[in-house]
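End of the sequence shown sits at 325 in numbering that gives the first Met the number 0; the numbers just go up one at a time, nothing left out.
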Amino acid sequence: MTSPASGASSTADLPDYAPVPQSAFGVAVNEQGYYVGRVERNLYWVTDGVYQSAFLTTPDGVVLFDAPPSIGGNIRRAVDEMAAAEGVSNKVTHLVYSHHHADHGGAASLFGGDVVRIGHEETRRLLLRDNDPARPVPDVTFADTYTLEVGGERVELAWHGPNHSPDNIYIHFPDHDTLMFIDVVNAGWVPIYNLNLSDDVIGYMAAPPIALNYSWSHMISGHLGRLATRDDVALHQQYIADIEASSREALQTVDPTPYYMRYADNFWAGLKAHLDTVTDRAAEPIIAKYTGVLAAADIEVFTRTTTFAIMQSLRLDYGPSGPVHP
Ligand SMILES: [Zn+2]
Numbered sequence: 000m001t002s003p004a005s006g007a008s009s010t011a012d013l014p015d016y017a018p019v020p021q022s023a024f025g026v027a028v029n030e031q032g033y034y035v036g037r038v039e040r041n042l043y044w045v046t047d048g049v050y051q052s053a054f055l056t057t058p059d060g061v062v063l064f065d066a067p068p069s070i071g072g073n074i075r076r077a078v079d080e081m082a083a084a085e086g087v088s089n090k091v092t093h094l095v096y097s098h099h100h101a102d103h104g105g106a107a108s109l110f111g112g113d114v115v116r117i118g119h120e121e122t123r124r125l126l127l128r129d130n131d132p133a134r135p136v137p138d139v140t141f142a143d144t145y146t147l148e149v150g151g152e153r154v155e156l157a158w159h160g161p162n163h164s165p166d167n168i169y170i171h172f173p174d175h176d177t178l179m180f181i182d183v184v185n186a187g188w189v190p191i192y193n194l195n196l197s198d199d200v201i202g203y204m205a206a207p208p209i210a211l212n213y214s215w216s217h218m219i220s221g222h223l224g225r226l227a228t229r230d231d232v233a234l235h236q237q238y239i240a241d242i243e244a245s246s247r248e249a250l251q252t253v254d255p256t257p258y259y260m261r262y263a264d265n266f267w268a269g270l271k272a273h274l275d276t277v278t279d280r281a282a283e284p285i286i287a288k289y290t291g292v293l294a295a296a297d298i299e300v301f302t303r304t305t306t307f308a309i310m311q312s313l314r315l316d317y318g319p320s321g322p323v324h325p
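Written as structure tokens, this is what we have:
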């Protein structure tokens with residue numbers, strides 16, 4: 000198949016990128032393609048190297064947090080392995096959705112019909128809309144906060160406004176020194192396109208300080224092969240703050256007039272030339288600064304699309320969108 004973006008007819012024509020920094024690499028997966036590790040005590044995380052899931056083993060059953068389809072049946076294997084090692088039941092009794100997206104919840108139906116499913120009320124609404132049999136709707140929902148208590152363990156769920164998605168929640172394990180917060184920070188890596196395919200730019204940028212406001216040492220961030228630290232969140236914040244500052248400066252310094260004059264009555268052509276120039280000017284120093292620091296910083300389309308989204312949010316959410324006609 001031909002790539003529409005590059006016109007490349009074979010993978011041999013695809014570009015090379017900077018080496019992935021060692022700090023971005025995580026655990027090795029086993030022969031079945033997964034790794035399961037202890038976060039603290041009876042809280043475990045599972046990864047296939049790209050996606051992450053988590054579970055708590057308790058005397059009353061297993062509580063599962065997200066079920067990415069890419070890990071799929073390996074979640075069951077990981078639960079069985081750790082429940083046997085702990086000498087507790089391997090029965091999954093509860094499943095918590097972090098948000099409604101299929102790539103984090105699309106294996107939810109593997110765990111049978113008698114599982115108590117818990118999620119934000121917006122997760123329920125969106126799953127009813129999407130009508131996907133692989134993601135049964137949560138029966139237990141909440142608006143702001145919910146305390147889940149199973150087998151003597153406590154988990155605090157909270158919604159602090161839209162960010163990556165309208166329904167993305169914070170899952171705090173106060174007795175395991177851990178926060179699970181999905182699809183905002185990629186430990187050691189840049190966000191992919193458009194701030195990790197996020198809906199709400201302001202909400203996405205506001206989320207890391209909320210995450211850091213919780214007490215934790217380990218963060219389960221949903222992607223790639225290792226847990227995140229508070230330093231990973233801080234580095235992510237710096238990357239985003241640099242893009243915001245750079246976008247603000249480019250918006251102020253690029254004169255739009257020549258671009259609109261060049262295309263005369265084709266207003267959209269002038270707009271494209273203007274905003275592409277602002278995006279290029281804002282993104283270039285960020286790509287240079289973070290290449291070798293955050294993996295995939297030199298996949299330019301990631302930083303460019305994130306820069307474009309932030310630059311548009313600066314215009315449209317914060318304003319001004321442009322000069323006021325005299
Ligand atoms: Zn998502």
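Don't be surprised by glycine CBs; every beta carbon is placed ideally from N, CA and C. Note that this is a predicted model, so its numbers are computed, not measured.
query: CB contact flag (Gly-105, Pro-68, <7 Å); result: yes
query: First through last residue of the beta strand (DSSP E) which encompasses Gln-51; result: 51-57
query: Own chain residues within Cβ distance below 7 Å of Ala-308, not counting five before or after; result: Asn-193, Leu-194 and Val-200
query: Under 7 Å between C-beta atoms of Gly-187 and Ala-23; result: yes
query: Alpha carbon of Thr-1 to alpha carbon of Thr-10, nearest angstrom; result: Note that Thr-1 scores 46 on pLDDT, short of 50, meaning its location in the model is unreliable; the coordinates nonetheless yield the value given after this. Taking the straight line joining both Cα atoms gives about 10 Å.
query: Residue(s) in a DSSP beta bridge with Ala-227; result: Met-218
query: Residues near Asp-102 by beta carbon distance below 8 Å, same chain, minus five either side; result: Tyr-50, Pro-67, Pro-68 and Ser-69
query: Residues sharing a beta bridge with Trp-44, DSSP; result: Gly-36 and Ala-53
query: Three CB pairs or more closer than 8 Å across the stretch 278-289 and the stretch 245-261; result: yes
query: Whole beta strand (DSSP E) elements within the stretch 128-158, 3-residue minimum; result: 139-141, 144-149 and 152-157
query: Validate contact between the stretch 54-63 and the stretch 81-90 using beta carbons, cut 8 Å, 3 pairs; result: yes
query: Coil, strand or helix - Met-0 by DSSP; result: At Met-0, the pLDDT of 45 sits below 50, so the modelled position is not reliable; the number obtained from the coordinates is stated separately. Correct three-state label for Met-0: coil.
query: Closest residue to Gly-60 among His-93, Arg-76 and Gly-32 (Cα-Cα distance); result: His-93
query: Ligand 1 site residues, beta-carbon cut 5 Å against heavy atoms; result: His-100 and Asp-182
query: Alpha-carbon to alpha-carbon, Ala-227 and Leu-234; result: 11 Å
query: Where Gln-253 sits in the DSSP three-state scheme; result: In the sequence as presented, Gln is not what sits at residue 253; that position holds Val. Looking at Val-253 - three-state DSSP - the assignment turns out to be coil, as it is neither helix nor strand.
query: Assigned secondary structure, Thr-92 (DSSP; H/G/I helix, E/B strand, else coil); result: strand
query: Tyr-34 to Thr-304 span [Cα, whole Å]; result: 32 Å
query: Any chain E beta carbon closer than 7 Å to Gln-21; result: In the structure shown, chain E cannot be found, because there is only a single protein chain.
query: Separation of Glu-299 from Gly-36, as counted between CA atoms; result: 33 Å
query: Rounded separation between His-175 and Tyr-43 - CA only; result: 10 Å
query: Own chain partners of Asp-297 with C-beta closer than 7 Å, once the 5 adjacent residues on each side are dropped; result: Tyr-16, Ala-17, Ile-286 and Thr-290
query: Residue interval of the alpha helix (DSSP H) (run including His-273); result: 266-289
query: Closest residue to Leu-223 among Ile-191, Ile-168 and Gly-118 (Cα-Cα distance); result: Ile-191
query: Val-136 vs Leu-147 beta-carbon contact at 7 Å; result: no
query: Any non-hydrogen atom of ligand 3 within 6 Å of Tyr-258 CB; result: Ligand 3 is absent from the structure shown, which contains only ligand 1.
query: Stretch pair the stretch 113-126 + the stretch 150-169: three plus CB contacts closer than 8 Å; result: yes
query: Cβ-based neighbour list, Val-114, same chain, cut-off 7 Å, excluding 5 preceding and 5 following; result: Val-91, Thr-92, His-93 and Leu-94
query: Classification of His-324 by the beta-carbon crowding that lies within 10 angstroms, buried from 16 upward; result: exposed
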